[in-house]
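Protein chains in written order, with my numbering: chain A, 723 to 1409; chain B, 2 to 145; chain C, 42 to 187.
All C-beta atoms, glycine included, are put in the ideal place defined by N, C-alpha and C.
Worksheet for the structure shown next.
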Amino acid sequence: QDAPATLIADRVAVEGEDRLIAEGSVEVLFREARIKATRVSYDRMTDRLSIEGPITVTNGPDTILLADSAELAPDLSEGIMRSARLVLRQQLQLAAAELHREQGRFSRLESTVASVCQVCPENPVPLWQIRAKRVIHDELERQLYFDHARLEVVGVPVFYLPRLRLPDPTLKRASGFLVPEVRVNNRLGTGIKLPYFVALGDRADLTVTPYLSSNRTRTLELRYRQAFRHGWIELNATGSRDDLREGELRSSLFAEGYFLLPRGFELDFGIESSSDPAYLLDYDYSDKDRLESTLEITRVRRGEIITADLVHFNTLRASESNATQPTIVTDLSYRRRFVPPALGGTADLAFTLHGHRRSSGNATDGLGRDVGRASVDLDWRRGWTGPAGLKLAAQGALAIDHYAIGDDDSADSSYTRAAPFAAVEMRWPLARAGRGGASHVLEPVAQLVWSDADDSTIPNDDSVLVAFDEGNLYSLSRFAGADRRETGLRANLGVTWTRYDPAGWSLGLTAGRVLRQDDPGQFASGSGLDGTRSDWLTALHLDLSDGLSVINRAVFDDGFDLTHGELRLDWQGQRVELASSLIWMAANAAEDRPEDASEWVADAAYQLRRNWTATADWRYDFVEENTARAGLGLEYRNECVTVGLSLSRRFTSSTSVTPTTDFGLTVALNGFGAGRDGRAYRRSCAR
Amino acid sequence: CGFRPVYGPGGAAEGLNGRIALADPKTRDGFALAARLEDRLGPATAPLYRLDYIIETDSDPLAVTQEQETTRYDVIGRVRYRLTALDTGALADSGTVRSFTGYSATGSTLATLTARRDAYERLMVILADQIVARLVAGAAARTP
Amino acid sequence: QGAEVAFGGLQHDSTLPVEVTADQLRVDQADGTAVFTGGVVIGQGTMRLSADRVLVNYAAETGDSTGRIERLHATGNVVLVNGAEAAESQEAVYSIDAGTVVMTGSVLLTQGQNALSGERLVVDLARGTGTMEGRVKTIFQSGGGE
Chain A
723 QDAPATLIAD RVAVEGEDRL IAEGSVEVLF REARIKATRV SYDRMTDRLS IEGPITVTNG
783 PDTILLADSA ELAPDLSEGI MRSARLVLRQ QLQLAAAELH REQGRFSRLE STVASVCQVC
843 PENPVPLWQI RAKRVIHDEL ERQLYFDHAR LEVVGVPVFY LPRLRLPDPT LKRASGFLVP
903 EVRVNNRLGT GIKLPYFVAL GDRADLTVTP YLSSNRTRTL ELRYRQAFRH GWIELNATGS
963 RDDLREGELR SSLFAEGYFL LPRGFELDFG IESSSDPAYL LDYDYSDKDR LESTLEITRV
1023 RRGEIITADL VHFNTLRASE SNATQPTIVT DLSYRRRFVP PALGGTADLA FTLHGHRRSS
1083 GNATDGLGRD VGRASVDLDW RRGWTGPAGL KLAAQGALAI DHYAIGDDDS ADSSYTRAAP
1143 FAAVEMRWPL ARAGRGGASH VLEPVAQLVW SDADDSTIPN DDSVLVAFDE GNLYSLSRFA
1203 GADRRETGLR ANLGVTWTRY DPAGWSLGLT AGRVLRQDDP GQFASGSGLD GTRSDWLTAL
1263 HLDLSDGLSV INRAVFDDGF DLTHGELRLD WQGQRVELAS SLIWMAANAA EDRPEDASEW
1323 VADAAYQLRR NWTATADWRY DFVEENTARA GLGLEYRNEC VTVGLSLSRR FTSSTSVTPT
1383 TDFGLTVALN GFGAGRDGRA YRRSCAR
Chain B
2 CGFRPVYGPG GAAEGLNGRI ALADPKTRDG FALAARLEDR LGPATAPLYR LDYIIETDSD
62 PLAVTQEQET TRYDVIGRVR YRLTALDTGA LADSGTVRSF TGYSATGSTL ATLTARRDAY
122 ERLMVILADQ IVARLVAGAA ARTP
Chain C
42 QGAEVAFGGL QHDSTLPVEV TADQLRVDQA DGTAVFTGGV VIGQGTMRLS ADRVLVNYAA
102 ETGDSTGRIE RLHATGNVVL VNGAEAAESQ EAVYSIDAGT VVMTGSVLLT QGQNALSGER
162 LVVDLARGTG TMEGRVKTIF QSGGGE
């Protein structure tokens, strides 16, 4: 039983049992279809509407049909429309002398012109249009099939294709060519990337991208993605033969995936591999200098976390070799937080098994050292509110580490260390309501920590790199790993003042310092934590409501000599997007940083006008006084075309890395496929 | 100078002590953030509020040498939080806190990996402390 | 423009005799009219016109009424039924000599599965055509002829 059709008009004449003639702003509604016309007559015997225009037919939000006259079935399944115009998703317009509706699914347009571009009275020729003898629009498959198609750019025929298939603007996912890209590279010559997307059912797809460049490289890039019921995987593999490394198959594999395991466990894996150190940079696949393949299993619940990690490293750095770097690292940890019945407060108990291995067997000064470690960390903390709003806390901790060491003749084969910690902390948070509804919070903090950790004989592999910021100003041990535990009696002092403005911006200032009874010499001079008085730590957080955030952190000594300074600026404005970071680090031999390091990195995008966007990125090295990388980009985008230009140069060079300049050009016709939606950039005719 | 102890008698945040139930953490970062929040706000003995949080982190390579070796990484973090009253479900406070920490990558692969994990934990401590400061300020603003 | 195919119900011979049944009747000799009230039903051949109140005008050829009805003016729940067609409205005027019925006031014409609603329906009984006006709404069963 078909759904009823509704007809509304100013006048309806009923002639005999079978003919209705409606006149005066006639509307026929059938399911989602709506026909508007000046005159419609309906003949029940033939079940045909004969309609006189101007006719507007809308069939759901994405399809609009315009015509002068038509004979149609009420449900639009069959019929013919004369001098018709089919508009898909307010973007793609197909104009034709005749449009035949067939089987409720196909629209066949004879001698058609298709375009997405805005046509204005003053320049009637669209930027591009496709002229075709016939176009068939398949509503079910959402595809457009062109016969004898000719692409014209500003009226000039550019190329001809006997057959052409393009996705209609509502299609999100279908096999077919993606946007080609022209690449000019000073080492790989002028080449073109032509990606082809293959949809393998609903849950998997394969993108095959040949990259061919004037006999300098023949490369194939493959991306395979698959979604499972409880997870997904993505593989990116590439293979190249080029004249940078004659007669050699260069390849890379980058894969990642996630699986939900039973009983709440989650598995993440990642694979990063490359056939030779320079390959990833030559083809701009990745600028990582150390490849990590990881397998992580995690379960996180309230008060309990179980983690198991396996990491394999492959360093591409010219200055180090995989033989003497720890390439296999495993960690297994079970950690619980609970309220101990008798004591109250919060207990935090963690069992950890760690191992890392260097493939070299060279036992001299740790070049081939392999380490296994079992640790038990018990931490207990209890807080009170003292008189006058003082927040007091007592803390105790015990870290027991047992080491088994191999391939290192300068170290014993095993060590055991127990490090007790005790601390008391006092916070005095104060608040004040300022003028105009602003609120201020001032919180001085004083923490006294004692610990006894004798780790002088344990080789230090995991605690070489030290950081000093508000995140560990009040922590019991500021070393990142377990090989070193902070020892002695010290006071961690700090104060934070924050102002919140009702207008939505806030300013936070923090200052802190560590005072030690005596200097156990655990920290190197470049860390800011050495000596009996540490450097000053200051931090500023400025958050403006219109998307601008400035964060500055500085560590400097009493003479205001900077040990470490960093400024980050992130701005998400209406027309500007800017992320910039300025960093200065003093030399620190203990961290293999022989000289100061200072760099300015910025990544900016600016919308010049509605259709033009300029992007720029650079990385400037102040110490070497030159640029490590610089890039410029310009994108013109309107309702029917997106043109992207990009120019970038990487200046870095080493025994395996060579400076490269890269120029990219992409030209994409908008309006085909759901991804290429240019409506937001539609030009307007009125000048 | 107008400053009054927040946890003092009649202080603004007296009602927050042990009164906030934290949403269950789902990730390693979430566990670290929740642990620090619980240390600062006290375990929720008689919760009146519920604190929900969404953590977003990103990593940025810095100080790239002339030999294309990355010697520093920044870990940028952002947490959007929401404090709702348990009984009525009404929104008591909400906002976004941002910060970053950094770690050097000049040491061995293991030293860098350990420094990275420590940088993420420090970032969660900083963000948790910022949330506590916001909640205290919000409570102060709410009390007459 | 007459339709060859007779329009089923609406085609009607208005010269047939007219019977009127009602609960009450009030005759007004002076202007030759009569008012029937209370469940009035007017029958003519196969056509039935029912209404709450019908004012009947008799043809006044020679000063006195000759008993022949010239015009019917029905008001209140007017229903005109003829074969498979039925039309409802608030008011209707049936001019017998002209053979036309003009129905006004939320008119609803149902014809088999089709239904037309509008403000004013003019039915030409001789030619069996009807024209509905005033933002007419038609619901018809699509999906091929019977």
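Beta-carbon separation (whole angstroms), residue i vs residue j, contact threshold 8 Å
i: T728(A); j: K758(A); result: With a Cβ gap of about 13 Å, T728(A) and K758(A) do not count as contacting.
i: L1(B); j: V133(B); result: The requested residue 1(B) does not occur in the structure, where chain B is confined to residues 2 to 145.
i: Y933(A); j: G953(A); result: Incorrect: roughly 30 Å between the Cβ atoms, too far for contact.
i: V749(A); j: I773(A); result: Here residue 749(A) is Glu; the residue named in the question, Val, does not match the sequence. No, E749(A) and I773(A) are not in contact; Cβ-Cβ is about 11 Å, not under 8 Å.
i: Y882(A); j: T941(A); result: Incorrect: roughly 29 Å between the Cβ atoms, too far for contact.
Closest Cα partner of residue i within the set the options
i: S1247(A); options: A1225(A), M1307(A) and L1291(A); result: M1307(A)
i: T931(A); options: D924(A), W954(A), G911(A) and A959(A); result: A959(A)
i: L136(B); options: Q67(B), A33(B) and L92(B); result: L92(B)
i: D990(A); options: P1181(A), E956(A) and L971(A); result: E956(A)
i: R1103(A); options: A795(A), G1118(A), L1300(A) and Y980(A); result: G1118(A)
i: T172(C); options: Q52(C), V59(C) and R161(C); result: R161(C)
i: G1066(A); options: R1079(A), L816(A) and A1116(A); result: A1116(A)
i: P1(B); options: L23(B), R117(B) and R73(B); result: Residue 1(B) falls outside the range modelled here, since chain B spans only 2 to 145, and no answer is possible.
i: Q1244(A); options: A1402(A), F1143(A), A1168(A) and N1182(A); result: N1182(A)
i: F4(B); options: H1034(A), I730(A), W1150(A) and C839(A); result: W1150(A)
i: D54(C); options: A128(C), S130(C), A127(C) and N123(C); result: N123(C)
i: T56(C); options: E111(C), V177(C) and A63(C); result: E111(C)
i: R29(B); options: A926(A), Y946(A) and I1028(A); result: I1028(A)
i: V880(A); options: L971(A), R872(A) and E988(A); result: R872(A)
i: V99(C); options: G140(C), G73(C) and T145(C); result: A small correction: the amino acid at residue 99(C) is Tyr; Val does not occupy that position in the sequence shown. Closest by alpha carbon: G73(C).
i: G9(B); options: D1280(A), N1348(A) and T1107(A); result: T1107(A)
i: T1179(A); options: R1059(A), V1146(A) and D1130(A); result: D1130(A)
i: P776(A); options: P783(A), T1232(A) and A789(A); result: A789(A)
i: A977(A); options: S995(A), E968(A) and L1152(A); result: S995(A)
i: W1293(A); options: A1312(A), I993(A) and L1270(A); result: L1270(A)
i: P783(A); options: G801(A), R756(A), D765(A) and P796(A); result: R756(A)
Bridge-paired residues (DSSP) for residue i
i: R5(B); result: A1153(A)
i: K1113(A); result: T1107(A) and R1149(A)
i: D769(A); result: Per DSSP, none; premise fails for D769(A).
i: W850(A); result: V875(A)
i: M125(B); result: M125(B) pairs with nothing; no bridge assigned.
i: W1227(A); result: In the DSSP output, where bridge partners are listed per residue, W1227(A) has none listed.
i: C842(A); result: N845(A)
i: Y1137(A); result: Y1125(A)
i: V1186(A); result: Bridge partners of V1186(A): none, in fact.
i: N98(C); result: T74(C) and R112(C)
i: E793(A); result: S772(A) and I802(A)
Any non-hydrogen atom of the ligand SAH closer than 7 Å to residue i Cβ
i: R967(A); result: This structure does not include the ligand SAH; it has no bound ligands of any sort.
4 or more residues per run - each alpha helix (DSSP H) lying fully within the stretch 1317-1388 of chain A: The qualifying runs do not exist here; there are none.
Meets three-Cβ-pair contact criterion under 8 Å: the stretch 76-91 of chain C and the stretch 110-121 of chain C: Look at the beta carbons and you see the stretch 76-91 of chain C touching the stretch 110-121 of chain C: at least three pairs across the two are nearer than 8 Å.
Beta strand (DSSP E) runs wholly inside the stretch 886-914 of chain A, at least 3 long, in chain order: Fully enclosed beta strand (DSSP E) runs of 3 or longer: 903-907.
Stretch pair the stretch 1379-1390 of chain A + the stretch 81-91 of chain B: three plus CB contacts closer than 8 Å: By the Cβ rule, the stretch 1379-1390 of chain A does not count as touching the stretch 81-91 of chain B, because fewer than three pairs are nearer than 8 Å.
Runs of beta strand (DSSP E) wholly within the stretch 54-96 of chain C (minimum 3 residues, chain order): 60-62, 65-69 and 74-85, all fully within the stretch 54-96 of chain C.
Any 3 or more C-beta pairs closer than 8 Å across the stretch 1356-1372 of chain A and the stretch 847-856 of chain A: Yes, the stretch 1356-1372 of chain A is in contact with the stretch 847-856 of chain A.
Sufficient close CB pairs (3 or more, under 8 Å) joining the stretch 1195-1214 of chain A to the stretch 1169-1185 of chain A: Yes: the two stretches touch, three or more of their Cβ pairs being nearer than 8 Å.
Given 8 Å, three or more beta-carbon pairs between the stretch 856-872 of chain A and the stretch 837-846 of chain A: No, because fewer than three Cβ pairs between the stretch 856-872 of chain A and the stretch 837-846 of chain A fall closer than 8 Å, the two stretches do not touch.
Any beta strand (DSSP E) of 3 or more consecutive residues that is wholly inside the stretch 1155-1181 of chain A: Taken in chain order, the complete beta strand (DSSP E) segments of 3 residues or longer contained in the stretch 1155-1181 of chain A are 1161-1173.
contact_flag[the stretch 1039-1046 of chain A, the stretch 114-121 of chain B] where n(CB pairs < 8 Å) is 3 or more: In short, these stretches do not touch, since the Cβ pair count stays below three.
Segment contact flag, the stretch 1297-1311 of chain A with the stretch 1215-1232 of chain A, C-beta cutoff 8 Å, min 3 pairs: The stretch 1297-1311 of chain A, when compared against the stretch 1215-1232 of chain A, does not touch it at the 8 Å Cβ threshold.
Validate contact between the stretch 1267-1282 of chain A and the stretch 92-111 of chain B using beta carbons, cut 8 Å, 3 pairs: With a cut-off of 8 Å, the stretch 92-111 of chain B and the stretch 1267-1282 of chain A count as touching, because enough Cβ pairs lie within range.
The stretch 883-902 of chain A contacting the stretch 810-820 of chain A, beta-carbon criterion three pairs below 8 Å: Contact holds: three or more Cβ-Cβ distances are below 8 Å.
Contact the stretch 1257-1267 of chain A vs the stretch 1189-1205 of chain A: 3+ CB pairs below 8 Å: Yes, the stretch 1257-1267 of chain A touches the stretch 1189-1205 of chain A.
Three-pair Cβ contact test at 8 Å for the stretch 54-69 of chain B versus the stretch 997-1012 of chain A: Segments in contact, yes.
Any 3 or more C-beta pairs closer than 8 Å across the stretch 912-925 of chain A and the stretch 1392-1401 of chain A: The stretch 912-925 of chain A, when compared against the stretch 1392-1401 of chain A, does not touch it at the 8 Å Cβ threshold.
Sequence ranges, beta strand (DSSP E) only - wholly within the stretch 28-92 of chain B, length at least 3: Segments of the beta strand (DSSP E) lying fully in the stretch 28-92 of chain B: 50-65 and 71-86.
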